[in-house]
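Those sequence lines, one after another, are chains P and F.
For what it's worth, our numbering labels the leading residue of the first sequence as 1, then goes sequentially.
For what it's worth, our numbering labels the leading residue of the second sequence as 112, then goes sequentially.
As C-alpha cells, the structure follows; a few thoughts come after it.
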Amino acid sequence: QKEVEQNSGPLSVPEGAIASLNCTYSDRGSQSFFWYRQYSGKSPELIMSIYSNGDKEDGRFTAQLNKASQYVSLLIRDSQPSDSATYLCAVKSGSARQLTFGSGTQLTVLP
Amino acid sequence: SAVISQKPSRDICQRGTSLTIQCQVDSQVTMMFWYRQQPGQSLTLIATANQGSEATYESGFVIDKFPISRPNLTFSTLTVSNMSPEDSSIYLCSVEPDPTDTQYFGPGTRLTVL
C-alpha cells in the first residue's frame with residue numbers, strides 16, 4: 001500500500017512569515033512529486049513539481065526533495081493571507097500514471 | 112496545462128437514482144482520471160480512463176457503480192449509479208497532457224444525495 005503522509009494541521013503563521021509544509025511517502029520507487037493548493041470549495045491547482053533531490057524555487061515557493069529520507073517539503077516565504085488554503089502533497093510511483101495524495105495540510109496566514 | 116470543464120457543477124439527487132458527470136478538455140489527451148473527494152477528506156482515485164480501452168478501476172470501486180465512458184480524446188463521463196447518501200462527494204476529473212506527467216484538475220462536481 002503506497003502511502004503519503006502529511007501533518008493535517010491546521011498550521012497558522014503570521015503574515016510575512018515562512019510556512020513549512022511537510023510530506024513523507026512510503027514507496028521508494030516514487031519518481032515524481034507534486035504540491036497542489038486547494039482553496040475551500042475549489043479544485044486543486046498545481047503549485048510545483050519536483051523530481052530530483054534538492055531544492056526547486058518558484059517565486060515565493062520552494063520545494064525540497066530528499067529521496068533517501070523519503071521526504072518532500074514546501075516552503076512559502078513572505079506568507080500572505082491569500083495563501084490560506086489546504087496544501088496537498090501528491091506522489092507518482094515508477095511508471096504508474098496515478099497520483100497518490102496525502103491528506104492535506106490546512107494553512108492559515110494571519111493578517 | 113489544459114482547460115477543463117465539468118457538468119453539472121453541482122446537483123442534489125434522490126437516493127437510488129443515477130447521475131452522469133461530463134468532463135470536457137480543450138485539447139486531446141491520452142490520460143484522464145476520475146477522483147472522489149469526500150467532505151473534509153483528500154482525493155481518492157476512482158479510475159483511469161484511456162480512450163479506446165476499458166477504464167481501470169482502483170480497489171474499492173467497481174464498474175457497475177461507477178461506469179465510465181471515454182469516446183474520444185477530449186471527453187469522458189462518469190456515472191454514479193444507484194446513489195446513496197454515502198456517495199455525497201465532490202467528483203473531479205483530471206487530465207495529464209502529453210508529454211508531461213503533470214495532472215490538472217477540472218472544477219469538480221459537488222453531489223449531494225438525499
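All C-beta atoms, glycine included, are put in the ideal place defined by N, C-alpha and C.
Which bits of chain P does serine 217 of chain F rub up against, with CB to CB less than 8 Å?
On the second sequence, residue 217 of chain F is found 106 positions in, with the first residue counted as 1. Residue 217 of chain F is actually glycine in this sequence, not serine. Those are Ser43, listed as they occur along chain P.
Since glutamine 98 of chain P meets chain F, which of its residues come closer than 8 Å, beta carbon to beta carbon?
Within the first sequence, residue 98 of chain P is the residue found at index 98, counting from 1. Ordered by position in chain F, the residues that pass the 8 Å Cβ test against glutamine 98 of chain P are Phe144, Leu156, Thr159 and Glu169.
Whether threonine 213 of chain F touches isoleucine 132 of chain F by CB criterion (8 Å):
The residue given as residue 213 of chain F occupies position 102 in the second sequence. The residue given as residue 132 of chain F occupies position 21 in the second sequence. No, the pair does not count as a contact, with Cβ atoms beyond the cut-off.
Would a check of beta-carbon distances place phenylalanine 101 of chain P closer than 8 Å to chain F?
Numbered from 1 along the first sequence, position 101 holds the residue referred to as residue 101 of chain P. Phenylalanine 101 of chain P counts as touching chain F.
For serine 93 of chain P, the three-state DSSP class (helix, strand or coil):
To locate residue 93 of chain P, count along the first sequence from 1; it is residue 93. Correct three-state label for serine 93 of chain P: strand.
Classification of isoleucine 174 of chain F by the beta-carbon crowding that lies within 10 angstroms, buried from 16 upward
Here residue 174 of chain F corresponds to residue number 63 of the second sequence, with the count starting at 1. By the 10 Å Cβ count, isoleucine 174 of chain F comes out exposed.
Does chain F have any CB closer than 8 Å to the CB of lysine 67 of chain P?
Counting from 1 along the first sequence, the entry for residue 67 of chain P is found at position 67. Not an interface residue.
Excluding the 5 residues flanking phenylalanine 98 of chain P on each side, which residues of the same chain have their C-beta closer than 8 Å to its C-beta?
Taking the first residue of the first sequence as position 1, residue 98 of chain P is located at position 98. It is glutamine, not phenylalanine, that sits at residue 98 of chain P in the sequence shown. The answer, listed in chain order, is Lys92.
On the premise that threonine 155 of chain F lies in contact with tyrosine 146 of chain F, defined as a C-beta separation below 8 Å, what is that separation, rounded to the nearest angstrom?
Along the second sequence, one-based indexing puts residue 146 of chain F at 35. Along the second sequence, one-based indexing puts residue 155 of chain F at 44. So it is a contact: roughly 6 Å between Cβ atoms.
If contacts are defined as beta-carbon pairs under 8 Å, then serine 112 of chain F and proline 218 of chain F qualify, I think. What distance do you get, rounded to the angstrom?
Along the second sequence, one-based indexing puts residue 112 of chain F at 1. Along the second sequence, one-based indexing puts residue 218 of chain F at 107. Contact flag wrong, Cβ pair sits at about 14 Å.
Is the region 76-93 of chain P touching the region 174-186 of chain F, taking contact as three or more C-beta pairs under 8 Å?
no
Just to confirm my understanding: we take phenylalanine 172 of chain F, look at its own chain, exclude 5 residues before and 5 after, and list those with CB closer than 7 Å. What are they?
Here residue 172 of chain F is taken as the residue at index 61 of the second sequence, counted from 1. Taken in chain order, the residues that qualify are Ile157 and Ala158.
Quick one, are the C-beta atoms of tryptophan 35 of chain P and tyrosine 71 of chain P less than 8 Å apart?
Within the first sequence, residue 35 of chain P is the residue found at index 35, counting from 1. Within the first sequence, residue 71 of chain P is the residue found at index 71, counting from 1. No; because the gap between Cβ atoms is not below 8 Å, this pair is not in contact.
Under 8 Å, Cβ to Cβ, is there at least one residue of chain P near glutamate 207 of chain F?
Counting from 1 along the second sequence, the entry for residue 207 of chain F is found at position 96. Chain P, which has a Cβ nearer than 8 Å to the Cβ of glutamate 207 of chain F, makes this yes.
How would you list, in chain order, the residues of chain P whose beta-carbon sits under 7 Å from the beta-carbon of glutamine 214 of chain F?
Locating residue 214 of chain F in the second sequence gives position 103, counting from the first residue. Those are Leu99, listed as they occur along chain P.
Hey, how far is the Cα of proline 10 of chain P from the Cα of lysine 67 of chain P?
Within the first sequence, the letter at position 10 stands for residue 10 of chain P. Within the first sequence, the letter at position 67 stands for residue 67 of chain P. When rounded, the distance between both Cα atoms is 26 Å.
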